[in-house]
Amino acid sequence: MPVSLLWAVDVYGRVFSLSTGGQQWEHCCDAVLEFKRLTAVQQCCWGIACDHHIYLNVHASDVPIRYQEEAYENQRWNPVDNFSDRLLPSDRWQWSDITGLEHKPLDGFLLPSTNWEWEGDWYIDENFGGEPTEKGGWTYAIDFPATYTIDKKWNSCVRRRRWIRYRRYKATDTWAKIPSEGQSGPLPDPFNDISCGGWEISEEPRGRLSLWAVSLQGKVWFRGGIHHHTPEGMSWEEVSLPGEVVQISCGPGDLVWAVLWEGQLIVREGITRDCPQGSSWVVVDSPNPEVGTIHVAVGVSVVWAVTKDNKVWFRRGINSHNPCGSGWIGMVGEMVMISVGLNDQVWAISREDRAVYFRQGVTSTELSGKAWKAVSVPRDGDIRPNSSTSTSSLHSAGCFFSGEVRAQSVMSEDSDTEADPQRAVHEMLSDRETKRDGAAATSIPEEEVTPGDAEAKSPPPALVLSPSQSGGPGDPQWSTVDLEEAQTHLAVGPAAGRGDSSDTCSLSSVVTCMLGLEGLYGPDDHPLWAWVSGGGCAVDCHTQLNWFNSVTALTSSIQAMSLSVSPAQTAAWRKQIFEQLNERSKREIDNFKHYEQAIEQSVWVKKGTMQWWRDWKPHKWVDVRFALEQFSGPEGHKDGIVFLYYNFNEEKKYLHAFINEVTILVPVLNDSKHTFAIYTAERTKQRWPIKLAAATEMEMHDWLALLSVSCCDSRGIQGPPSKQAIWSITCKGDIFVSEPWPSLEACPYPTPCDQMFWRQVGGHLRLVECNSVGVVWGLGYDHTAWVYTGGYGGGFFQGLASSTDNIFTQTDVKSVYIYENQRWNPVTGYTSRGLPTDRYMWSDATGLHECTKASTKPPSPHWTWVTEWAVDYGVSGGTDREGWQYAADFPTSYHGYKTLKDFVRRRRWARKCKLTTTGPWQEVPPIPLSDVTILPCGDQSVVEQIPLWAISNKGDVLCRLGVTLLTPAGTSWLHVGTDQPFKSISIGGASQVWAIARDGSAFYRGSVSTQNPAGDCWYHIPSPARQKLKQVSVGRTSVYTVDENGTEMFPRYYSFARLSVYVFNVALSVQVWIIADKVQGSHSLSCGTVCHRLGVQPMEPKGQAWDYGIGGGWDHITVRGNNIEAPRVRMPSLTDALRPPSTLAARPLPAGNTENGNAVQC
Amino acid sequence: MADDKDVLRDVWFGRIPTCFTLYQDEVTEREAEPFYLLLPRVSYLTLVTDKVKKHFLKVMKAEDVEEIWFEYEGTPLKWHYPIGLLFDLHASNTSLPWSITVHFKNFPERDLLHCPCNSVIEAHFMSSIKEADALKHKSQVINDMQKKDHKQLWMGLQNDKFDQFWAINRKLMEYPTEEGGFRYIPFRIYLTMSDRPFIQKLFRPISPDGHTHTLGDLLKEVYPVAIASDDEAKRYQVVIHGIEPLLETPLQWLSEHLSHPDNFLHISVIPAPSD
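Here the protein sequences line up with chains A and B, keeping their order.
Numbering of the first sequence is given in the numbering used here, commencing with residue 135 and proceeding in unit increments.
Numbering of the second sequence is given in the numbering used here, commencing with residue 13 and proceeding in unit increments.
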């Protein structure tokens, strides 16, 4: 899980953050001001500072926030000036937006705020719908508005071109002030509380947030327009209220609760995708009618509240249909405030010791958790103010923050002195005096008090302590503010509040008044917290946190290193042992292999019963007895046979397979049976494996693990896969690896690839890429990036079949989709009553299978649901506001709006499920990726950087820095700017980077080198035959792409009806492997089959024929690690074929793939 | 990158090429050919020499045969020591194969234990494992095991089944992460030059102040003579499984990876070859 932050403010208004991977509170040093409130989400943190302004701290990311501004330049042809900016009076503006309706002069574009900067100047976009235009980027049409084309025709009377310019949000990792302006000028009064959330309401636009704020006068404001590209949001809108609000809380979803001055709560209703600010309030009574509520905190489906007596309450029965819940449950503990974070985890600040507490044991089934646990970690550069200083600073801080409100709270909170606020203050002051004396007597560390100062002068309050000043003990650069000043403030407070009743209260007042009263500075001097926000802190009840007992910082530094090779692995003593054991076996065994073994190996049998999907028709599951006999082969290799005993026409028969002929064991989990398939080369040809089902999952795993170990033993394979290994992924996300043989590329008689032996590696991935030095990256279904740790096993491989120290937990999340189908009829409109011939009203995408919300299960028992069913608006083709797509009839193409001809409609429902497994993979946070490529390089030193490029799931192109053999995970991303989102990338020989944009156009990155790892600019390469491309893979001298129809584009347009292609080639061996859509075997047909192109040579990049390997549900393969040279005759013209990269770069816009054609022809 | 698992395999599959010759004074009917065998380092002499016995019995009369025993250059070989230990202790730095003399008479009662059958070896082996677990886990792990698990450990050793043995033995090698190691390291240090059979003491894998104890720390504590000071020539070799681990090797790691199947770390301290 990536590292995330818990934010907190201490009683001095200093902002601290605590990382889930760290063990100390880090002081947020650039906060020049003191803060009183914070509300954090994963990507940013909002806060109210002591100047009552709102500040925003956007966390820096490797991918910058950049926004593309665009304007169109329009021209019309006339016989005199040719094309010129002299337009007709009826025409559009010379500079306009895309519709032509709005005047958009280039100098009219202004930065939205000082937090933005321009990335560069305006330039012309020369890409038009995936195709490069002529110089100048003009597109032509007969008239405005019309269809534009690249080609200038005889009747082209107008033309236009697109200018673009990027602005970039620069105020990351710093507190940027948000101007407090409403729709009509500045807001009347300053803010008092703030709460951020609502990101689960809608995924569009990306990074959307709701921000709610409460002003000092109790008004509520909603800030709209906050999303990824406008992190600051647009403007404040006032929300009408039934009363005056003191505090508000907004959950990740549609839950918003607020506390009224009178102590009741109000709940916002009507919050939807289209109306994130909701429509109305509903009042909910305080848990205790006697004691009003002072604080509320909401999550996805939980509400916690604190009443004025500091009791904690949990609201029962909250769900998306009932945001008000049904009743209160009193909880243990006395808290001053509560924050609900991600996964409905709960954080709180206790009344007694002002420590931050974490609610343990909060799970989706037990939302109220089990117990409070104090977070006890030190702060960096812990400041230990002496007693008197802290007291006075508290007082002054209190005045500073809460103004008049403060005094009221003094009365309400301090029960002893409630009747007489004047006395209360007096007591507080005298209390302070005595404490100071007491502290002086017990000799607080001296360096903190200038001798003489303590008695002679009043201690300086930390009223405007800036972070630099409060840097640490021994540096007492106190600002000198007289005690009188603090006292004045204190005096003002009670006076202002005298007339008011004692039960009004705001949280900030609770906070401040508490400060003066508590025993603040015990001998252990723990930090006193005023506010905590866990909204950005991604933990759940399983997360291992090191926050609860102070462990030395050493541990954390070791953990931080664990992504790279652990130091122990490289220790000299370990190396020495490995070397000496090798020498020992050379000395004592290798020369004496002809000696007899002292212990003879015997046959070992494991038996069991299983079900078998029988070979003949009608196919069905039949009970069989299954046995594995293991014995030692002649060479000392273990070998075995699997037997399958069955009855056929009352006759006992058996089927067998030699373990050394088994090529792969594939788990075929489905929701009803624990199934796995055994393939041999012969069975691969038939596309008909031995399919077996075990009674329980456990039994299946036992068998799979045992059979797998036997297969590896019989082939003498053990330990981690080699660096040359070929990796592949099935459509279930299972990972397989195969050791390539040189003879696979042998010419002219290669080994058929159906004989390759594949073994499983733990983990769950959607895509894997490797290179020849052993750097392997994978991407999960949830786009998480994972790096291979060098281990093996994991998953169901236990004990010896699995390495120990480099196996980690891996999770993946994917969505299951079902469709709701409806037909229109004249009487009732759209209903779920279809025609008798129609598809199921709840179905899968094809409509052939019924899939209801209740009956649809996760893909296999390994997956568990983590969300409820929700309408999916992100369907290609678009949807209406309720998620419907319309069509004339089933099944046709759907569109997102209703026309008169549409008689049917459907909408997609999605539900997320999660899988947890183990494997030799470690997460590379934080950016989710959709594609990755690693340079296939030769032998390298361990420190040399390995080029690795990726595409984020938003389409950003990224270049990984710091990837070496020792640190395969690299260190950071370098963002490579593009004018549009990308979808596929590949880096080939001599650091050629090719990429495919989402519009299907191909790009080449110029000047990529070791010195300049990110290159300098993109060159648009025209696609072959104007095809939309889908995927690209680059070898040394040739580039292979796949178009959207699944046709491969070989360098010279030789096309085959296939799905995807993955390529690798080195100096001598050129290898082309693909996953084919459909392959017909002698018994059956398999979809998703590994295929190997035979006869591919530098001189003949298109190869000769396909060789079909393992198949049936394969999704991905990478052969880029395999640089084993094939036994082959050296080609004399080889050196010519290797074009130096400089030639490529020197011709920025070569004529597409002919360049590759040339390359291989010369 | 080699994995620590490979060490376990290498240790288990360590073999010593051995040449068995019949003692010259034994009465035979015809000349006895020497018998060549690869002996597992981790096993016991009497457990793996059925073939040797059978081979020599072919040339002997039944009445001339008493209990078999083995001797190397005049030293009777203790069957209850693992074979690898015997070799390291007595015959390292000699040329291979290891030449062992087979006796069928004059059993050296003072030097050797009788070994009438394999169950004696099993009893010895299991008592070693139990002693080791008493040191490592206060016997908790071994006591929690079932009888069949104990049997599987023994059968694994007897039949040279690495997987079978380690499927159970890995439980014996576990320890609570927060403690960083076993309670005490089960080790024995053997000296060729001493009358004492071996040295065995209580020694923890982690020092009280949290440092990892190494092989060097152990020797310093238990047998400091074995460590050569910087200025003098190396007098002793510290050998485990035929190799000399560096003195900075963590003891806990050694115990997990280089212990014999009886769960003890058998360390031989032998004089360094003089050349």
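The beta carbon of each residue, even a glycine, is placed where N, CA and C say it ideally should be.
Owing to the predicted nature of the structure, the values given are computational and were not obtained by experimental measurement.
Approximately 6 angstroms separates the beta-carbon atoms of residue 387 (chain A) and residue 335 (chain A); this is inside 8 angstroms, confirming the contact.
Proximity of the stretch 753-765 of chain A to the stretch 777-793 of chain A meets the contact definition, three or more beta-carbon pairs being nearer than 8 angstroms.
For the pair residue 1011 (chain A) and residue 1028 (chain A), the CB atoms are nearer than the 8 angstroms cut-off. Counting only the Cα atoms, residue 1250 (chain A) lies some 30 angstroms from residue 745 (chain A). Taking 7 angstroms as the cut-off between beta carbons, the residues of the stretch 251-267 of chain B near chain A are 254, 255, 256, 257, 258, 260 and 261, in sequence order. Beyond the five residues adjoining it in sequence on each side, residue 969 (chain A) comes within less than 7 angstroms, by CB distance, of 957 in the same chain, given in chain order.
Proximity of residue 374 (chain A) to chain B, defined by a Cβ-Cβ separation below 8 angstroms, is not satisfied.
Cα atoms of residue 393 (chain A) and residue 429 (chain A): separation of roughly 6 angstroms, rounded to the nearest angstrom.
Neighbours of residue 63 (chain B) across chain A, judged by C-beta separation under 9 angstroms: 730, 732 and 734. If you compare the alpha carbons of B:185, B:237 and B:211 with that of residue 270 (chain B), the shortest gap goes to B:185. With contacts defined by Cβ atoms closer than 8 angstroms, residue 851 (chain A) and residue 893 (chain A) form a contacting pair. For residue 485 (chain A) and residue 425 (chain A), the gap between their C-alpha atoms comes out near 16 angstroms.
Take the alpha-carbon of residue 374 (chain A) and the one of residue 354 (chain A): they are about 7 angstroms apart. Residue pairing for residue 951 (chain A): DSSP places it in a beta bridge opposite A:1044. In this structure the stretch 172-190 of chain A does not touch the stretch 263-276 of chain A; the number of beta carbon pairs closer than 8 angstroms is below three. Interface with chain B (8 angstroms Cβ-Cβ cutoff): residue 710 (chain A) is included. Interface flag for residue 157 (chain A) against chain B is unset, since no Cβ pair is found closer than 8 angstroms.
Against chain B, the CB of residue 714 (chain A) has a partner CB under 8 angstroms away; the residue lies at that interface. Taking the CA atoms as reference points, residue 44 (chain B) sits about 15 angstroms from residue 74 (chain B).
The shortest C-alpha to C-alpha distance from residue 248 (chain B) to any of B:283, B:268 and B:132 is the one to B:283.
Judged by DSSP secondary structure, residue 484 (chain A) falls within the beta strand (DSSP E) whose first and last residues are 480-484. In this structure residue 368 (chain A) is exposed. Its beta-carbon is surrounded by fewer than 16 other beta-carbon atoms within 10 angstroms. Against chain A, the CB of residue 202 (chain B) has no partner CB under 8 angstroms away; the residue lies outside that interface. In terms of Cα proximity to residue 166 (chain A), the closest of A:154, A:178 and A:189 is A:189. Residue 992 (chain A) is positioned such that its CB atom lies no closer than 8 angstroms to that of residue 896 (chain A).
Within chain B, the C-beta atoms nearer than 7 angstroms to that of residue 706 (chain A) come from 258, in chain order. Counting only Cβ-Cβ distances below 9 angstroms, residue 188 (chain B) has no contacts in chain A at all, with the closest Cβ about 15 angstroms away. By the neighbour-count definition (other C-beta atoms within 10 Å, threshold 16), residue 137 (chain A) is an exposed residue.
In this structure, residue 370 (chain A) keeps its C-beta atom at 8 angstroms or more from the C-beta atom of residue 432 (chain A). DSSP places residue 845 (chain A) inside the alpha helix (DSSP H), whose first and last residues are 831-848. Rounded to the nearest whole angstrom, the C-alpha separation of residue 720 (chain A) and residue 171 (chain B) is 24 angstroms. Among the bridge pairs identified by DSSP, residue 796 (chain A) is matched with A:814. Residues are counted here when their Cβ sits less than 7 angstroms from a Cβ of chain B; for the stretch 256-275 of chain A the count is zero.
Rounded to the nearest whole angstrom, the C-alpha separation of residue 149 (chain A) and residue 1114 (chain A) is 38 angstroms. Per DSSP, reduced to three states, the secondary structure at residue 179 (chain B) is helical.
Looking at the DSSP output, residue 204 (chain A) shares a beta bridge with A:298.
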